[in-house]
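These protein sequences, in sequence, are chains P and V. The opening position of the first sequence corresponds to residue 15 in the working numbering, with each subsequent residue numbered one higher. The opening position of the second sequence corresponds to residue 3 in the working numbering, with each subsequent residue numbered one higher. C-beta: ideal position from N, C-alpha, C; glycine also. Below is one structure, written out as structure tokens, with a few remarks after it.
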Amino acid sequence: MTIELANLRAGAEQATAARSRLYQVLATAFAFPDQELFEAVRDGTLAQSLAQIAELLPYPLPEAIRPQLRDAGDSYIDFESEYVRLFDVGPAGPPCPLYGGVYGGDRMKAMEDATRFYNFFDLRIAPDLRELPDHITTELEFMHYLTFRETEVRQQGGNPASLLRAERDFLSRHLCRWVPRMRERLAKQTTLAFFPALVDFALAFFEADRAYASQAAERCS
Amino acid sequence: MKLTRRQFLQMSGLGIAVLSLERLALAAAEPAGEPQLPAIPPYRAWEDVYRRKWTWDKITKGTHCVDCYPGGCSWNVYSKDGIVWREEQAARYPVIEPGVPDMNPRGCQKGGTFSQVMYGAERIKYPLKRVGPRGSGKWKRIGWEEALAEIADAMITAMTEVGPESIVFEIGPGNAGIFQVLSLGRFAALLGATTLDVDGLIGDFNVGNYITFGKFQHCSSHDDWFHADLILIWHMNPLYTRIPEAHYITEARYKGAEVVSIAPDYNPSCIHADLYVPVEPGSDAALGLGMAHVIVTENLYDARFVKEQTDLPLLVRRDTRKFLRASELQSGGREDQFYFLDAGKRSPVKAPLATLDMGGVDPALEGSVRVRLLDGKEVEAVPAFSLLREHLEAYAPEKAARMCGTPASLIRELARKVARKRTHILVGWNSNKYYHGDLMERAQCLVLALTGNWGKKGTGTRGWNECGDPKHIFVSRRTVAPEEFEAIEKIFSGLSEKIRAADPTLSDEMVAIERERLAPTLWGAAPPVFYWYYHGGYREVWNRKEWHDPAMKRSFDEYLAEAMAKNWWEALVEPAPDRPPQVLIGAAGSTLRRTRGGYKMLLKHLWPRLKLIATIDPRMSTTAMYSDIVLPVAWFYERPDFRFFTPHTTFNTFTDAAVPPLGESKTEWEICALLARKIGERAKARGLEEYAKRRRLPSGLVRLVAGSLGEALSRLSENELFDRVLATLFPGREAMTRRRRFDALYDRYTFGGQLREGDLEQALELFVSDSVREGIYPEGTTLQTYREHGIVRFAGLGKVDPVALNMACDIRPNETVNPLTWHTEKKIPYPTLTRRAQYYIDHDWFLEAGEAFPTYKPNPKMGGDYPFRLTSGHQRWSIHSIWVVNQLLSRTHQGRPTLFMNPDDAKKKRVRDGELVRVWNDFESFRARVKLAPGVRPGQLIMYHAWEPYQFPEWKSYDVLIPGMVKWLHLAGGYGHLRYWRWNWQPQQADRAIAVDVGPA
């Protein structure tokens, strides 16, 4: 499903749209990499895209943009198999699964909590995708949705407080909770520089965005 | 238009925002046209998302088709948004027999956490292809088309260059619904591939039980335990392994039954017993024979039962120690006609062949008679019981006590209890995993025979039983037409008639077994022992005489050569030495974990020979990690299927597709259909039309039709003979022909295109209707019946499957099930050489080994001369390895492989609790953390089953130092019931009482 909002005004509307787009780009970057994504990493398209969007954010993220975001190695096969090894498949699971629920606590509760957020905002897991609610890409897509709706509300002159609070809480309860733990596990792996760099970028963004959403929610309340 | 990733990343435009959802969707159905986003609800804090009541999209019935025995617990499965969130015991089991507790609720903590397992990080969701060396963990995701093409290409090459027998299927029980087995089994049979016998692979064949009864697949229903007055828990740990059924032990105890636990260690079931009987690991035969000594010498035995039901009244020659046979007494006399000593006339009289009814004769159990043979020689013959009495002299309680470590007074007490009480022995699958487990089970069965303890409620022993489904119909069907059922039944009954015509004294059960013995040739089933010997590197290990029983007089090779020369394993050695395996298809069995010593032996010897290893599994097992292609498969809540049918529960259990398969997983039914089609396509592209299956025609099959082929027989070439024999016995069954077309595979697999890859539901409906036709389920039972109730109780066990007939009892609607009553009540013979429960085996090899009677032999030093004995058993927290990495269950125990050790031993070895220790022998070593437990017997080490090798340092699990010895005696054949048939008579690897030492790592 695709919906466009046009004629966004500079300032809060465009800044919120940038946040939304960054969640969307990160969902793409964390999804299983096809050849195109590999090329986009190698030739800097992804890093450039992240940098361009970061400039539009309502807070700075300059140190998060690193040259390692281009380090995809020399071959797609190696890049792909490294993604599979780190995030997808391995004995007793991969070393750094991209499912939030596996990082402590009750897995089903984590999935339920995410699903309750999705359901609250009248969303559900896409029936034909067969991916789980606590996967990083699903959670990023939800944040993309919330921030898109926030852009929409702002454009319509409404009060985005509900969305901001939800963004704050979802980040706190999910992405900001488990991605740092995943990063710790990733630190124990010898791997292409791209993957830790991507996670670091994402983490910096999550933290900054949580702080922003929290403060903005306060202001709007 | 969908953007590519690059286009997407390059998208710019400050003035626009684009919402794009792939993983999430609007909860409300989107109306046609422009999608409308829902209103934004007011949100204050996270508690708001918990205010709306949680509802289920649906509640379906489920079960877990895993290698749990008996399993078959019915659950309610709760799903929402395509996710299964929880399960709960359905608890819909009705009262069967008034006064006997029902089976509710059934289910344990494993079943209750399966929804977590299915979403575990170890789940495989996409087809994978190895891009690094095997085992390197370097994979790429591939599409199904590519994966199927890779496998199809390797199979076609194997079929054309070596033969279809070089494709080996290990159909493991890790994902084993009936349709998993049937799909893979049907496909493998149509290919002409080799399917390794699952009992031989796992080691779940109760050898001693089989030697005694000519079958081991008989068991009482769990609720029948309630009827026992004395329950001997002997080689079982039900508090770990029979959690849903253990309440019957407690309830029997409330009713007044006495519970005795016999084990080397004071295991978790012992605390629920009235009496704990300690025994040295592997010495149970001495305990049983000590009890038998007491029962015989104190005249506590049930003479009528012994005379009627066992071979003990049969006459045995003193000179040769062999049964007296009619062939020795009269010209043309039968080899399998044996004699009683008539107590009145004091002369030999023929034991009836077609019945156990003694017909007014009172066979003597003692005494002797002189008999003149055909050649004029006069010999002395005595009832086997007399010899048994002599044999038991070595097992007077004081002597037996020295062998088994059980006090003599306790042996006496136990024997007197069994003689007095309605006794049931609870045996798991532990005894048969000892090298001399056959002797232990034979001794147990002897105690029961002497005391008349089977064939009535609350008595007996147990093996397994898996019947009650018309497998033969489903695998043989060419079309879905109802008349096809009749046609197949006709073929089977035709075969039966021919077998019976050759020997009218055979019982229905014996006829069915003989018919089954012809089947491996056609379906490609093979005992794995030869596969391991010729291709797995075990020849060298099994020839280490010092690791065998010292009574083994010749080398393993010599025994094997004799067995081959005598054609005892005719047409069963597959893949043949000259046609080595090329492709291994592992279906949720994990051969590298399961095969004893396999991680060492198979990786070294078999793996380099295999051109392709494909694993079809829902989870990343150790074997999957070492495969070339991994295919993700739907798990228990993602496909409709049935649990193995077993009279243990007497209910057949259904599991429904609560949610779609995760990721790109598919069912085995679909995978096999797609693979069949792909083979046709790829062969056509290579210009190949047909391939040939090697002739494997056992002489038994030829004999069956020799008469109808007439004089033509001698003029036929070997190929012509093969084709003619099969055409005569199985008219129109292309699946059994020698030459097969690549492009016909898909058509055959899909019943002539009538049940295609997407038609699993219809296949299940066909299966249910065939089951009803067979009389297994009540009239009117449909798939919908299962869907609503989750369980359906057997109405019968079926008339064709020999395993069903092995139960030898009727299923009554309002009674517990107790097997073997056809023998005890209807006097129908047992399927043994002597047609009686057989305690004396006069096979040359058994005589040579000193095992004609059950006897006690110490554990061989498997692994070398080391002081500790490593034993095992199923653990509490996992069914095999399926749950071993589950986070939730791992938090309820140490969550890692743990070696249990007696504290006194630990002190001597300077080992502390929790320390990493090394365990070693001459074969291998492994390391694990130690748990000190006073319940462990000194000299014993316990490593519960079945951790994944990858959970140990260097991926070397405890399995790695198990040499996987097989007892040479089990290669014996050519003797009544000592001949292979599906799941029965074959060597299997020993894994208990392995000789090891231990110390700090």
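Practice prompt. Starting from LYS602 (chain V), trace the alpha helix (DSSP H) both ways and give me its first and last residue.
Written response: LYS602 (chain V) -> alpha helix (DSSP H) spans 600-603.
Worksheet item: Along chain C, which residues have their Cβ under 9 Å away from the Cβ of MET157 (chain P)?
Response: Absent from the structure is chain C; the protein chains it does hold are P and V.
Worksheet item: Which word fits TYR436 (chain V), buried or exposed, when buried means at least 16 other C-beta atoms lie within 10 angstroms of its C-beta?
Response: buried
Discussion item. Which complete beta strand (DSSP E) runs does the region 64-148 of chain P hold, if anything under 3 residues is left out?
Written reply: Taken in chain order, the complete beta strand (DSSP E) segments of 3 residues or longer contained in the region 64-148 of chain P are 137-139.
Discussion item. Across the region 367-379 of chain V and the region 305-323 of chain V, are there enough close Cβ pairs to call them in contact, namely three or more that are closer than 8 Å?
Written reply: yes
Worksheet item: Rounded to a whole number of angstroms, what is the C-alpha to C-alpha distance between PRO582 (chain V) and ASN721 (chain V)?
Response: 22 Å
Worksheet entry | Coarse secondary structure for LEU677 (chain V), derived from DSSP in three states | helix
Discussion item. I'd like to know if MET105 (chain V) contacts chain P, where contact means its C-beta is closer than 8 Å to some C-beta of that chain.
Written reply: The beta-carbon of MET105 (chain V) is placed no less than 8 Å from the nearest beta-carbon of chain P.
Fill in: contact_flag[the region 176-186 of chain V, the region 400-413 of chain V] where n(CB pairs < 8 Å) is 3 or more
Contact between the region 176-186 of chain V and the region 400-413 of chain V is absent, because fewer than three Cβ pairs lie under 8 Å.
Fill in: Partner residues on chain V for VAL39 (chain P), Cβ-Cβ distance less than 7 Å
LEU11
Worksheet entry | Contact with chain P by MET120 (chain V), beta-carbon distance below 8 Å | no
Discussion item. I'd like to know whether the C-beta atoms of PRO862 (chain V) and TRP549 (chain V) end up nearer to each other than 8 Å.
Written reply: yes
Practice prompt. Confirm, please, whether the CB-CB distance from LEU608 (chain V) to VAL585 (chain V) is below 8 Å.
Written response: No, the Cβ-Cβ distance between VAL585 (chain V) and LEU608 (chain V) is not below 8 Å.
Worksheet item: chain P partners of TRP1033 (chain V), CB-CB under 7 Å?
Response: Nothing about residue 1033 (chain V) can be reported from this structure: the residues present for chain V run from 3 to 1003 only.
Worksheet item: What are the partner residues of SER927 (chain V), as DSSP defines its beta bridges?
Response: V:TRP922
Practice prompt. Quickly, what does DSSP pair LYS82 (chain V) with across the bridge? List them, please.
Written response: V:ILE85
Item to complete: Could you run through the region 119-137 of chain P and flag, in chain order, every residue whose CB is less than 8 Å away from some CB of chain V?
Response: Against chain V - using a Cβ distance shorter than 8 Å - the residues of the region 119-137 of chain P are ASP120, ARG121, MET122, MET125, GLU126, ASP127, THR129, ARG130, PHE131, TYR132, ASN133, PHE134, PHE135, ASP136, LEU137.
Fill in: For HIS438 (chain V), the first and last residue of its enclosing beta strand (DSSP E)
Segment: none, HIS438 (chain V) is in no beta strand (DSSP E) and carries neither H nor E.
Worksheet item: CB-CB under 6 Å to THR657 (chain V), same chain, minus the five flanking residues each way: which ones, in chain order?
Response: GLY64, THR65, PHE638, ASP643
Worksheet entry | CB contact check: PRO44 (chain V) to chain P, cutoff 8 Å | Answer yes: the Cβ-Cβ gap between PRO44 (chain V) and chain P drops below 8 Å somewhere.
Worksheet item: Given that a residue counts as buried once 16 or more other Cβ atoms are within 10 Å of its Cβ, and exposed if not, what is ASN816 (chain V)?
Response: exposed
Practice prompt. With a 10 Å radius around its C-beta and 16 neighbouring C-beta atoms as the bar for buried, classify ALA386 (chain V) as buried or exposed.
Written response: buried
Worksheet item: Which residues share a DSSP beta bridge with ALA997 (chain V)?
Response: V:ARG871
Worksheet item: Taking C-beta to C-beta, are PRO141 (chain P) and ILE85 (chain V) nearer than 8 Å?
Response: no
Item to complete: For THR625 (chain V), return the contacting residues in chain P, with the cut-off set at a CB-CB distance below 7 Å.
Response: The contacting residues do not exist; THR625 (chain V) stays about 11 Å from chain P at best.
Discussion item. Quick check on ILE42 (chain V): does DSSP put it in helix, strand or coil?
Written reply: coil
Worksheet item: In terms of residues, what are the limits of the alpha helix (DSSP H) holding LYS419 (chain V)?
Response: 410-422
Item to complete: Note down the Cα distance separating LEU441 (chain V) from PRO856 (chain V), rounded to an integer number of angstroms.
Response: 5 Å
Worksheet item: Does the Cβ-Cβ distance between TYR90 (chain P) and GLN62 (chain P) come in under 8 Å?
Response: no
Fill in: Whole-angstrom C-beta distance between HIS825 (chain V) and GLN311 (chain V), which should lie under 8 Å
7 Å
Worksheet item: Taking Cβ positions, are GLN988 (chain V) and ASP199 (chain V) nearer each other than 8 Å?
Response: yes
Discussion item. As a quick exercise: from V:PHE796, V:GLY754, V:HIS972, V:LEU943, pick the residue whose alpha carbon is nearest that of ASP907 (chain V).
Written reply: V:LEU943
Discussion item. Distance cutoff 8 Å, beta carbons only. Does PHE44 (chain P) sit that close to anything in chain V?
Written reply: Chain V, which has no Cβ nearer than 8 Å to the Cβ of PHE44 (chain P), makes this no.
Worksheet item: With a cut-off of 8 Å, does the C-beta of PRO29 (chain P) fall near any C-beta of chain V?
Response: Reading off the sequence, residue 29 (chain P) comes out as Ala, not Pro. Output row for ALA29 (chain P): interface = no.
Worksheet entry | N- and C-terminal bounds of the alpha helix (DSSP H) containing TRP544 (chain V) | Unbroken alpha helix (DSSP H) run through TRP544 (chain V): 540-544.
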